[in-house]
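Participant: For the record, the sequence lines run as chains A and B. So in numbering that gives the first Met the number 0, spot 204 of the first sequence is number 203, and the numbers just go up one at a time. So in numbering that gives the first Met the number 0, spot 164 of the second sequence is number 163, and the numbers just go up one at a time.
Protein chains: 2
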Amino acid sequence: MADRIVIVGGNAAGMTAASRAKRLDPGLDVTVVEASRFISYSICGLPYYVAGLIPRHEDLISFDPPRLQQERGIRAKTGLRVEEVVPSRRVLNCVEMETGDRVELPFDRLVICTGYLPKRPGIRGLELANVLTVSRLEHGIKVRELARASGNRRVAVVGAGYVGLMMAHGLAGLGLQVFLFDRHPHVFRQVDADVAELVEQELRRHGVHLFLGSPVRRLLGDNGVVEGVEVGRESYPVDFALIDVGIRPNVELAERSRIPLGLSGAVQVDERGQTAMGGVYAAGNCAETIHLVSGKPLFSTLGTTAAKQGRVVGENLAGWRSTFSGTLETSVEKVFDLAVGRTGLTLRQAIQSGFQADAVLVKARDRAGYFPGSDSVSVKLVFEKGTGRLLGGQMVGDDTTAKRIDTLVAALTARLGLDDLAKLDLAYAPPYGTLWDPIQIAANVALRR
Amino acid sequence: MADRIVIVGGNAAGMTAASRAKRLDPGLDVTVVEASRFISYSICGLPYYVAGLIPRHEDLISFDPPRLQQERGIRAKTGLRVEEVVPSRRVLNCVEMETGDRVELPFDRLVICTGYLPKRPGIRGLELANVLTVSRLEHGIKVRELARASGNRRVAVVGAGYVGLMMAHGLAGLGLQVFLFDRHPHVFRQVDADVAELVEQELRRHGVHLFLGSPVRRLLGDNGVVEGVEVGRESYPVDFALIDVGIRPNVELAERSRIPLGLSGAVQVDERGQTAMGGVYAAGNCAETIHLVSGKPLFSTLGTTAAKQGRVVGENLAGWRSTFSGTLETSVEKVFDLAVGRTGLTLRQAIQSGFQADAVLVKARDRAGYFPGSDSVSVKLVFEKGTGRLLGGQMVGDDTTAKRIDTLVAALTARLGLDDLAKLDLAYAPPYGTLWDPIQIAANVALRR
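(1) For B:D424, count neighbouring C-beta atoms within 10 Å of its own C-beta (all shown protein chains included) and say buried if the count is 16 or more, exposed if not.
(2) Less than 8 Å separating the beta-carbons of A:A409 and B:A413?
(3) Assuming contact is defined by CB atoms lying nearer than 8 Å, are A:A338 and A:T400 in contact in what I supplied?
(4) Can you list, in chain order, the residues of the stretch 393-419 of chain A whose Cβ is nearer than 7 Å to any Cβ on chain B?
(5) Which first and last residues belong to the beta strand (DSSP E) in which A:P105 is found?
(6) So, at 6 Å on beta carbons, what are the nonlocal neighbours of B:L67 in its own chain, with the 5 sequence-adjacent residues on each side left out?
(7) Tell me whether B:V244 is buried or exposed, calling it buried when 16 or more other Cβ atoms sit within 10 Å of its Cβ.
(8) Relative to the alpha-carbon of B:R271, which residue among B:V312, B:K307, B:A146 has its alpha-carbon at the smallest distance?
(9) Using a Cβ-Cβ cut-off of 8 Å (strictly less than) and excluding sequence neighbours within five positions of B:V94, which residues of its own chain qualify?
(10) Helix or strand or just coil, what does DSSP make of A:L136?
(11) Using only alpha-carbon positions, find the residue among A:I438, A:A441, A:R447, A:P429 that is nearest to B:D58.
(12) Would you mind reading off the limits of the alpha helix (DSSP H) that contains A:L241?
(13) Excluding the 5 residues flanking A:D365 on each side, which residues of the same chain have their C-beta closer than 6 Å to its C-beta?
(14) Kindly list, in the order they appear in chain A, the residues whose Cβ is closer than 8 Å to that of B:K141.
(15) If we cut at 8 Å on Cβ distances, does A:D269 have a partner in chain B?
(16) Any Cβ of chain A within less than 8 Å of the Cβ of B:C285?
(17) Compute the beta-carbon to beta-carbon distance between A:N129 and A:V225, rounded to the nearest angstrom, for a pair I have assumed lies under 8 Å.
(18) Can you name the residues of chain A whose CB is closer than 9 Å to the CB of B:V378?
(19) Going by DSSP, what residue range makes up the beta strand (DSSP E) through B:G150?
(20) Residue ranges of each beta strand (DSSP E) run of no fewer than 3 residues wholly in the stretch 203-233 of chain A, ordered along the chain?
(21) How many angstroms separate the CA atom of A:Q351 from the CA atom of B:A441?
(22) Going by DSSP, what residues sit across from A:K307 in a beta bridge?
(23) Along chain B, which residues have their Cβ under 8 Å away from the Cβ of A:T274?
(24) Between A:I111 and A:V266, how many whole angstroms is the CB-CB distance? I'm expecting something under 8 Å.
(25) List, in chain order, every chain A residue whose beta-carbon is nearer than 7 Å to that of B:V49.
(26) For B:S256 and B:R89, I'd like the C-alpha separation in whole angstroms.
(27) Leaving out five residues on either side along the sequence, give the residues of the same chain with a beta carbon under 8 Å from the beta carbon of B:Y47.
(28) Report yes or no: do three or more beta-carbon pairs, one from the stretch 234-241 of chain A and one from the stretch 139-154 of chain A, lie closer than 8 Å?
(29) Quick one, which residues of the stretch 326-339 of chain B are near chain A if we go by CB-CB under 7 Å, in chain order?
(30) Pull the bridge partners of B:P117 from the DSSP assignment, please.
(31) Going by beta carbon distance, what residues of the same chain come within less than 7 Å of A:P259, once the five residues before and after it are set aside?
(32) CB-CB under 7 Å to B:A195, same chain, minus the five flanking residues each way: which ones, in chain order?
(33) Along the stretch 345-366 of chain A, where does the CB come closer than 7 Å to a CB of chain B? Name the residues.
(34) Under DSSP, the alpha helix (DSSP H) around B:D405 begins and ends at which residues?
(35) Flag this pair as yes or no: are the beta carbons of B:S39 and B:I60 separated by less than 8 Å?
(36) Any contact of the stretch 285-303 of chain B with the stretch 326-345 of chain B, i.e. 3+ C-beta pairs under 8 Å?
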């Protein structure tokens, strides 16, 4: 009989692992188990669905269980939560979400892809109605309903991380008044303060009300429904509230099954994705990874990293010997008319990681100055003093500059230095760039340090 | 007295060398000598000026001689052609273009930046009026006049290289009927045939009449003015004709001065830009460079490479020890709605260079399929069989994909392989890309070979 492979979690990592394993070895018996209602959807697409840019939530879904079975030969079971791995009997203790029935699911090999959970801030009033986090498709559907309900004109977004920023952008685009709160002095901790300021300008330019450096004390509401936000001595009336104060790896299943976690709090895995429990893999945001620049263990929050981990585990399930070496935590976000890209370490992260680091932030033209539409692009390069090794980069510009961060991704991966960057033979044409690329200009400024 | 530095040629390489030297050592006495009327303009901007996208030809000019003197302390002399270097007396024999007067110009150190010259095809009728090449600003001004003259509705473009393609695009954009001829079976020899076909589709979609694989025999015209083009047994009436059958290094001054040329036909220089004649440098398109992938000497045709060579020579003039290691011949062109990028070797070039080369061409989405405006991008990767070393890349997509070729530039520079490419932690957001980047998809297809 074929090896029974069970994959817990039906998104980026889980779906990729399942598809890759089945593709390489069609004889495998692969089942995906998912606690929520949906599998195989783009969580990154939620803000655009909320904003109405994508008409139906179904558009975000690549496969529903019947199609997955039919086209890829992979079984999927939604609404089933896996509570515990019983390694001695090779079964999973599960609960049917709808009925509460307990079910046992046998497996030969297992992949834990339980992803992440939103953190809960220390704020009173989180239990009020119309207060929600946005970490699943169901939440996105609910936010869209709230945003479109007549009378709902004001929304609080508590926390300006990836999700908070994207929701602020999407909801402001729908014409709502957005109040964006963060207890830190700047939005988006994935970039340095000077780059965050560019993002803040863009948010303000589009009418988002920013409240930075002052923590939300509580959510107000007399009738069980949120009606306001209290910050310092002020309070602001709102019709609903979204919470994004960060995420943490969803390791409940691992912990309950006594599968060891790593230093980052995510499930410890080797480079093939194997946990300390025989025949049990973990992949995606719940599984620890390594930062390729710092070499330190990391809880990655990105779908791209999750998919790559899933692919590696899928290949290993099929008998290959694949390894995943780590992440640069590369991301790009659209915040109104700005593309905000980042990769590797920020200056703050580099210093925290023990590097003798320095950085430059350079504003340059994104295309020939005489060309219609010429605009500016800001490039931040983080580098090691003395050696000039590149440690990270951040870029902010218009949509056409979004994927320029990838040049720095390749450079970081190959451990290029500032001197190499300055000499890169980058592409130029007046509609697309400048004779000296902004990356080169920034590298040359950094070299003068 | 300060060292007298004379730079022959006032564009990308010459201006960069002059500015860099003067900036690093303000005590230097720097003179730029240019045979034509203009210095310091963007030749790459000409097609957009011709197309009317850039209102005035002055917009393409960064410095005129008075401003160059005032802002950078660099003397410039236009309309002066340097005919010969007399090394024994450290003078240049020059001719004033307007008067024909002979002039001697003393120098201590010299930089030859004479650029390139258009090739002349073996076609009868080139002497007819309204037949021109487009390699200088003066030509662009003339083409724009011709394109806007009432009654001029049809233009022949003979040769579909960089300039021919750009002119076809610009003139078709003005509403002219464009007849584009090339004796090769495909346009744009800087990309492989399969990628060229994508460009050809775009040209045809925008109404350009393409005549490929059949050489133009002659230009027709009874009254000294071009009136038609003869191809095979057909002839096509046209109102003016542009010729772009390639370019060659402008080495007249070097040859006359017995400065040795390299295998490529361009002036032989060492990595610091020094010719075989003491105190005489060469930079830019007239100076030989090395292809970073093949390691072979090359006549580069690009402004980006010219500027880098000029910068290195400028630094050496100022007493630094700078070196230029070579070029990937990276370029990107806008052909109507397509951005066409290329870097490194094409498959044809790789095979010609002696590599056991193979290639894949993959069409993938440029952003999430559900995202409005989602389109396709084509990625061609050229690689070495066995080792999987990347040898070159070509990309065709919309404007937002233009600078994606730079990811491959960094990868080629760092000698990454297909396996590295497949694992790159590239940026993703639904408006800007896909969870698996097209470069990764292509690398994975190539790895299956």
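Even for Gly, the Cβ is constructed at its ideal location relative to N, Cα and C.
Facilitator: Let me lay it out:
(1) Translated into positions along the second sequence, residue 424 of chain B becomes position 425. Counting other Cβ atoms within 10 Å of its Cβ, B:D424 reaches 16 or more and is therefore classed as buried.
(2) Counting from 1 along the first sequence, the entry for residue 409 of chain A is found at position 410. Counting from 1 along the second sequence, the entry for residue 413 of chain B is found at position 414. Result yes, Cβ atoms of A:A409 and B:A413 sit closer than 8 Å.
(3) Sequence index remark: in the first sequence, residue 338 of chain A carries index 339 (1-based). Sequence index remark: in the first sequence, residue 400 of chain A carries index 401 (1-based). Yes, the pair counts as a contact, with Cβ atoms nearer than the cut-off.
(4) Those residues of the stretch 393-419 of chain A that come within reach of chain B (Cβ to Cβ, closer than 7 Å) are D398, T399, A401, K402, R403, I404, D405, T406, V408, A409, A410, T412, A413, L415, D419.
(5) Residue 105 of chain A sits at position 106 when you count from the first residue of the first sequence. First-last of the beta strand (DSSP E) with A:P105: 101-105.
(6) The count along the second sequence starts at 1 and reaches residue 67 of chain B at position 68. Within the same chain, B:L67 has close Cβ partners I73, A75.
(7) Position 245 of the second sequence, counting from 1, holds the residue named residue 244 of chain B. With 16 or more other Cβ atoms within 10 Å, it is buried.
(8) As a working mapping, residue 271 of chain B is identified with position 272 in the second sequence. Taking each of B:V312, B:K307, B:A146 in turn and checking the Cα distance to B:R271, the smallest one comes out for B:V312.
(9) The residue you call residue 94 of chain B lines up with position 95 of the second sequence. Taking B:V94 as the centre and dropping the five residues before and after it, the same chain places the C-beta of L79, R80, E82, D100, R101, V102 closer than 8 Å to its C-beta, in chain order.
(10) Numbered from 1 along the first sequence, position 137 holds the residue referred to as residue 136 of chain A. The answer is helix: DSSP assigns A:L136 an H, G or I state.
(11) On the second sequence, residue 58 of chain B is found 59 positions in, with the first residue counted as 1. The alpha carbon of B:D58 has as its nearest neighbour, out of A:I438, A:A441, A:R447, A:P429, the alpha carbon of A:P429.
(12) One-based indexing of the first sequence puts residue 241 of chain A at position 242. Careful: A:L241 lies outside any alpha helix (DSSP H), inside the beta strand (DSSP E) at 239-242.
(13) As a working note, residue 365 of chain A is residue 366 in the first sequence. A distance below 6 Å between beta-carbons, with the five flanking residues on each side excluded, links A:D365 to the following residues of its chain, in chain order: D374, V376, G396, T400.
(14) Residue mapping note: residue 141 of chain B aligns to position 142 of the second sequence, counting from 1. Here the premise fails: no neighbours, minimum Cβ distance about 20 Å.
(15) Sequence index remark: in the first sequence, residue 269 of chain A carries index 270 (1-based). For A:D269, the answer is no, since every Cβ of chain B falls outside 8 Å of its Cβ.
(16) As a first step, residue 285 of chain B must be located in the second sequence, where it is residue number 286. No, B:C285 does not count as interfacial toward chain A.
(17) In the first sequence, residue 129 of chain A corresponds to position 130, counting from 1. In the first sequence, residue 225 of chain A corresponds to position 226, counting from 1. Confirmed, Cβ separation roughly 5 Å.
(18) For this step, residue 378 of chain B is matched to residue 379 along the second sequence. Taking a Cβ-Cβ threshold of 9 Å, none of the residues of chain A is close to B:V378; the smallest such distance is about 13 Å.
(19) Position 151 of the second sequence, counted from the start, is the residue given in the question as residue 150 of chain B. It is not in any beta strand (DSSP E) - B:G150 carries neither H nor E in the DSSP assignment.
(20) Counting only runs of 3 or more residues that sit fully inside the stretch 203-233 of chain A, the beta strand (DSSP E) segments are 208-211, 215-219, 227-230, in chain order.
(21) Here residue 351 of chain A refers to the residue found at position 352 when the first sequence is read from its first residue. Here residue 441 of chain B refers to the residue found at position 442 when the second sequence is read from its first residue. In this structure, the alpha-carbon of A:Q351 lies about 37 Å from that of B:A441.
(22) Taking the first sequence and counting its residues from 1, one reaches residue 307 of chain A at position 308. Secondary-structure assignment with DSSP links A:K307 through no beta bridge to anything.
(23) Counting from one through the first sequence, the residue named residue 274 of chain A turns up at place 275. Near A:T274 there are no residues of chain B at all, since even the closest Cβ is about 22 Å away, more than 8 Å.
(24) Residue numbering aside, residue 111 of chain A sits at position 112 when the first sequence is read from its first letter. Residue numbering aside, residue 266 of chain A sits at position 267 when the first sequence is read from its first letter. Indeed they touch by this definition, with Cβ atoms about 6 Å apart.
(25) On the second sequence, residue 49 of chain B is found 50 positions in, with the first residue counted as 1. None at all; the shortest Cβ gap to chain A is about 12 Å.
(26) As a first step, residue 256 of chain B must be located in the second sequence, where it is residue number 257. As a first step, residue 89 of chain B must be located in the second sequence, where it is residue number 90. If I take the Cα positions, the gap works out to 12 Å.
(27) Position 48 of the second sequence, counting from 1, holds the residue named residue 47 of chain B. Taken in chain order, the residues that qualify are I53, G169.
(28) Between the stretch 234-241 of chain A and the stretch 139-154 of chain A, the count of C-beta pairs closer than 8 Å reaches three or more; the two stretches touch.
(29) Along the stretch 326-339 of chain B, going in chain order, the ones with a CB nearer than 7 Å to a CB of chain A are T326, L327, T329, S330, V331, E332, K333, A338.
(30) For the purposes of this step, residue 117 of chain B is taken as residue 118 along the second sequence, with counting starting at 1. B:P117 pairs with B:I246.
(31) Along the first sequence, one-based indexing puts residue 259 of chain A at 260. Sequence-distant partners of A:P259 (beyond 5 residues in either direction) whose C-beta falls short of 7 Å from its own C-beta, in its chain, are Q267, A275.
(32) The residue labelled residue 195 of chain B in the question sits at position 196 within the second sequence. Scanning its chain for C-beta atoms nearer than 7 Å, with the 5 sequence neighbours on each side dropped, one finds around B:A195 the residues H185, V186, F187, in chain order.
(33) Result list empty, no residue passes.
(34) Stepping through the second sequence from its first residue, residue 405 of chain B is reached at position 406. Start and end: 404-412.
(35) Here the question's residue 39 of chain B lines up with position 40 in the second sequence. Here the question's residue 60 of chain B lines up with position 61 in the second sequence. In this structure, B:I60 lies closer than 8 Å to B:S39 by Cβ.
(36) Contact between the stretch 285-303 of chain B and the stretch 326-345 of chain B is present, because at least three Cβ pairs lie under 8 Å.
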